[in-house]
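Heads up: the structure comes next, in C-alpha cells.
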Amino acid sequence: MEYFKSGLKSVLGSQDPSQQPTGAETVERLVERVQSSTLLEDRRDACRALKALSRKYRVEVGAQGMEALKMVLETDKQDCEIVGYALDALCNIMSPNVFDEEECPEVGHEALLHVGEQFTEMFLKHSENVTLVLSFLEEYDFKVRWPALKLLTTLLTNRLRDIQEIILVSPMGVSKLMDLLSDSREVIRNDTLLLLVELTRGNANIQKIVAFENAFDRLFDVINEEGCADGGVVVEDCLVLMHNLLKNNTSNQNFFKEGSYIQRLCPMFQLPEGNEESSWPPQKVTNLLSVLQVVRCLVSPSNPGQVTSSCQKALFQSGIFQALSAILMASGVPVSFLTEAICTLSEVIRGNQHNQQHFASVLAPSTPPREAIVVLLMSMVNEKQPFVLRCSVLYCFQCYLFQNEIGQAQVVQTLLPSSADVTKVTCGQLLCSGMFSHDALSNWLSAVALSHALIENPAQREQLLRVLLAPDPNSSPVTLMQQVSLLLQQSSKVQSKIGFLILLATWLAHCQLAVKHFLELPTAIPYLTAQAGSNERDDNEELVQGLCSFLIGICILFNDGSVSPYNKDSLQNLVSNRVGVETFLSKLGEVSRHEHYSKASKQPHPRANSPEELLLDYEFCKLFKALESMVIKAVNPNKINGTRDIAENDLVAEYKDVIREQDRKLADLEEKLDIANREKNQLNQRVLQMEQDMARLTDENALLRAQINSGSVPLGSDVKLEVERWRIECSRRDEAIQNLESELRRLRLNQSSQPQPVQPLLDTSQAKIKELESEIERLTTDQDDLLELLADKDKKLSSYTEKLRQLGIMVGDDENESINEPELVTA
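Here the working numbering is used: the first residue of the sequence shown is 5, the next is one more, and so on.
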C-alpha cells in the first residue's frame, strides 16, 4: 500500500491533507497525464496508477480513461510495460464481476453488475480495437501476452457473438490463439483453454477452423501431460473444449473418427484397481464424465445416421464399447459416473445390430452369471435405487430394443409359458414384477420398457396376447392384457395410469387382433369413455383423459368389426352420445399441448428432475403424432370440417409439430442470415480493396513496360542499377499477386461455408472474384513478358560491356562498381 501511495505521489505530486482530491478528480488528472505527457516514463507511471485505481473506481476510469488507454495501446505498443498496464486496466474496467473494493455510490450495486458489459459495448464500437488486442498475443513477453489473453476472455464473456464474428474475419485470428496452446508457461496455456472453450460455443465455422488447426492433437498432448483421467481441472477443460468442437458438428465428428482420435480416448477408461472411495476423487469423476460427454457427441441420436453408425463401429473396434460394458458390471463405481456410462453405452448400441448382439452376450460377474441386461432391469424395478440411475437403465433397454427385432422377440419369449424357467430370472419376469408393484415409478418404467418390445413389430404384438399370468396362486390364470387393463382401472396414481395407457396404445396400434382382445374385456371401453368424458383437472388428469380418448380412437381406427357390441359404428355412436365429439377432440388435443409432451418429444433419452415429471415417452409421442389426425377422421368421418373446433383440431393435428420445428429453424436461420449479411459486407469491402490494388499494379506494370520498351535506360553502372531495381520490382509484384491469390482462395473458402439459405446474397462477390481471377491471370502474363524483356536487356548489357572492353575501355565485374573512365592504349 505504501508503495502504491508513493507511486501516486510521484505522478500527482504531494497533496495537502486537508484538500485530498476525490477519486474522480484523481482519475481525471491521471488521464490528462497519459494524454499530454511527452515522456514515456510519465505516461507509464500514469498508466500504472490508472490500473491500480481501475478496480476501486472502475466507472470513473472507464468513463474518462478508456480512450486514453486505447491511445496508449496504439502509440506506445513498443513498450511492453505500459502496454501491460493498459491491458490490465481495460480488463478490470470490462470485468463481468463486481470487485469487493469497488466504490460507486451514485450507481448502486445492481447497476455495477452491468457496467462491464456497457464498457464492452463501447469498446466494440470499433472492431479494430479487438484486432489490436489480438496483435498483442504475438508478443512473447508475459506482461503483455497474459493481460491480452485475459482481456479477450472478458470480451468473450460479455459479448460472445460479436467477438466470434470479429475473430472469424480477423487474419490469422484463430491461429494466433491456437499458437498459445504451445506456450511453455502453464498459466498462458490454461487460460487459452478457457478462452477457446468460450470462443467455440455455438459457432460451427470457428469450431471447424480450430479443429483443423490441429486442436485435437494438442488437446490430447495436454491431457497426457496432465495424467489423463487422474489429472486436474486442466484435463477437464481440454475435454470440455473437445466436446464443444464435436457437438452437432458433423464435419468435426468425421475428422475426429478418420483421424483415429477415438482410439486415443481409450486410456481415459482405465478403472482404478481398488473399490475404495479414495479411488474415485471428485476431479477424476468429473474428468470421466467429460470423456463420456465427448463419446456421446459422436453417437448422439440427433447426428446423421451414417455418422453415428460409423462412430459406433469405431467405438467397438477401439475397445471403448468393452470398457463401458466393464464399467456397468464393476462394483464401487460412483452413481453419477455409472449413470452417465449407462447412457453412453446406450447410444453406442442404439440401432446398431452388431453392438446390440454383443451387449446381449455381456455377463455380469455373479454366481450364477447373469446377462447384463437382466442385472440392469433388476436395478430399474428396485425402488431403493436412485431415480437418475433407474431412468438411465430404461434408456439403455430402449436403445437395446431400438430397430432390434431379434432382441424384441427374445424379451417377449421370456414371458411366454413355453419358456418359463423358475430357476432363472428373466427380463419378462422383472418387467411384470415392476408393473405389479405398488411404486408408481416402477409401474411406469416397466410398462414403457415393455412397450418398446412391440414398436414396429406386429408379430410380437400378437405373440404378447398369448402371455398368461397368475397374480394369485389360488386364482386361474389371466391374460397379460386383462391384467394390464385391470391395473389401469384400479390404479389411483396418474403416473401408473399413463404408463399402462402407453403400453396399451402401443400394443393395439396397427394390430386388429389386439384390438379384438381388448374390446372383449367387459370393463375396458366403459372405463375409457368415463375417463374421456370426465371434467377433473387435477394432477395431470387431463393427460390421462386425453390418452383414454386416444385409445378409444385406436379401437375405432383398427377395428375389424368382429366384436359386435363395439364395432366402428357402435364406438362412433358411443363417443358421440356419451362423450361428445367436441369434448373428445378437445381432450385428444390436450395431449400434444401438454408441457410434458413437448419435453418428451425432443429427445429419446428420458429426462426429468423428479419421478413425478416422468409421464410421456419419446417413441409414444412419435406414435401419437402419426395417428392423431387419423383418429380424428375415424371418430367423425361423416361430419365435414365446417365446425371451427374440428377444423382447428385437424389443423393442429397435422401442423403443430411442423410449426414448432419451423419456429426453431427460423430462429437459427435468422441468426445465420444476420451473420451472412455481415460477412457479405466485409467480403465486398475486401473485394473493393483488392480491385484498387489490382488497378494500381496494372498502372505500375504499364509504366515499367513503357520504360523498358523505350530503351531510355543509361549504359554502364546506371544500367545495372536500373535492371536490379526492375528485378526487385518484379519480385515485389510477384509477391503481391501471390498474396492476392491467397486472399481470393480464402474468400472462396469462406463463401463455401456460408449457410445454404442465404447463398444468393453472395452472388455479387462471386462475380467480382471471377473478374479478379481473370485480372490476376492477365497480370501474370504481363509479368512473364516483363521478365523476358529484362532477360533481353541483360543480354544487350552484356553485349555492350563486351564491346567496350574490345575498344580498350576497362569495365568492372562487380555490379556495384562504377565503369572506369576510358584509358588510352598505346600501340
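Just so it is clear, CB atoms sit at the ideal spot from N, CA and C, and this is done for glycine as well.
With contact defined as three or more Cβ pairs closer than 8 angstroms, the stretch 470-482 and the stretch 577-596 are not in contact. Judged by DSSP in its simplified three-state form, Val303 adopts coil rather than helix or strand. Residue Ser489 holds the alpha-carbon nearest to the alpha-carbon of Lys501 among Ser489, Met70, Trp511. One Cα belongs to Leu398, the other to Asp241, and the distance between them is close to 31 angstroms.
Contact annotation: Phe504 and Ala444 have beta-carbon atoms that are not nearer than 8 angstroms. A direct Cα-to-Cα measurement between Phe123 and Phe259 gives close to 40 angstroms. With a 10 Å radius around the Cβ and a threshold of 16 neighbouring Cβ atoms, Phe273 comes out buried. Sixteen is the threshold: when 16 or more other Cβ atoms of the shown chains lie within 10 Å of the Cβ of Leu491, as they do, the residue is buried.
Between the beta-carbon of Leu620 and that of His600 there is about 5 angstroms, and that keeps the pair under the 8 angstroms contact cut. Between Val392 and Thr343, the C-beta spacing is below 8 angstroms. Residue burial annotation: Tyr144 is exposed, with fewer than 16 other C-beta atoms found within 10 angstroms of its C-beta. Between Phe320 and the set Leu91, Leu293, Lys261, Val337, the nearest pair of CA atoms involves Lys261. Counting C-beta pairs with one atom in each stretch, the stretch 301-319 and the stretch 331-343 have fewer than three that are closer than 8 angstroms, which means they do not touch. With contacts defined as CB atoms closer than 8 angstroms, Cys515 and Glu460 fail to qualify as a contacting pair. Fewer than three beta-carbon pairs drawn from the stretch 602-618 and the stretch 564-571 are found closer than 8 angstroms, and the two stretches are therefore not classed as touching. Of all alpha-carbon atoms in Val63, Ser396, Gln68, the one lying nearest the alpha-carbon of Val102 is that of Val63.
Here the alpha carbons of Asn218 and Ser496 stand approximately 59 angstroms from one another.
Taking the C-beta atoms as reference points, Ala93 is found no nearer than 8 angstroms to Ser41. Around the C-beta of Leu508, 16 or more other C-beta atoms lie within 10 Å, and the residue is accordingly described as buried. Closest by C-alpha distance to Ser294, out of Glu675, Met485, Cys232, is Cys232. Per DSSP, Glu674 has no beta-bridge partner at all. By the criterion of a C-beta distance shorter than 7 angstroms, Ser538 is surrounded in its chain by Gln549, once the five residues flanking it on both sides are discounted. For Arg374, the secondary structure class from DSSP, reduced to helix, strand or coil, is strand. At least 8 angstroms separates the beta-carbon of Pro308 from that of Thr371. Annotated three-state conformation of Val134 is helix, per DSSP.
Annotation: Ile410 to Leu302 spans about 26 angstroms, alpha carbon to alpha carbon. Straight-line spacing of the CA atoms in Thr30 and Leu116 works out to 21 angstroms. In terms of Cα proximity to Glu524, the closest of Leu200, Ala368, Cys559 is Cys559.
For the pair Val76 and Arg165, the Cα-to-Cα distance works out to about 27 angstroms. The Cβ-Cβ distance between Leu181 and Leu197 does not fall below 8 angstroms. With 16 or more other CB atoms across the displayed protein chains lying within 10 angstroms of its CB, Glu683 is buried. Remark: C-beta atoms of Leu468 and Leu449 do not approach each other more closely than 8 angstroms. Counting every other CB atom within 10 Å of its CB across the protein chains shown gives Pro151 a total of 16 or more, marking it as buried.
With 16 or more other Cβ atoms inside 10 Å of its own Cβ, Leu243 counts as buried. Burial is judged here by how many other beta carbons sit within 10 angstroms of a residue's own beta carbon; Arg668 has fewer than 16 and is exposed. With distances taken between CA atoms, Arg268 lies nearest to Ile227 out of Val214, Arg47, Ile227.
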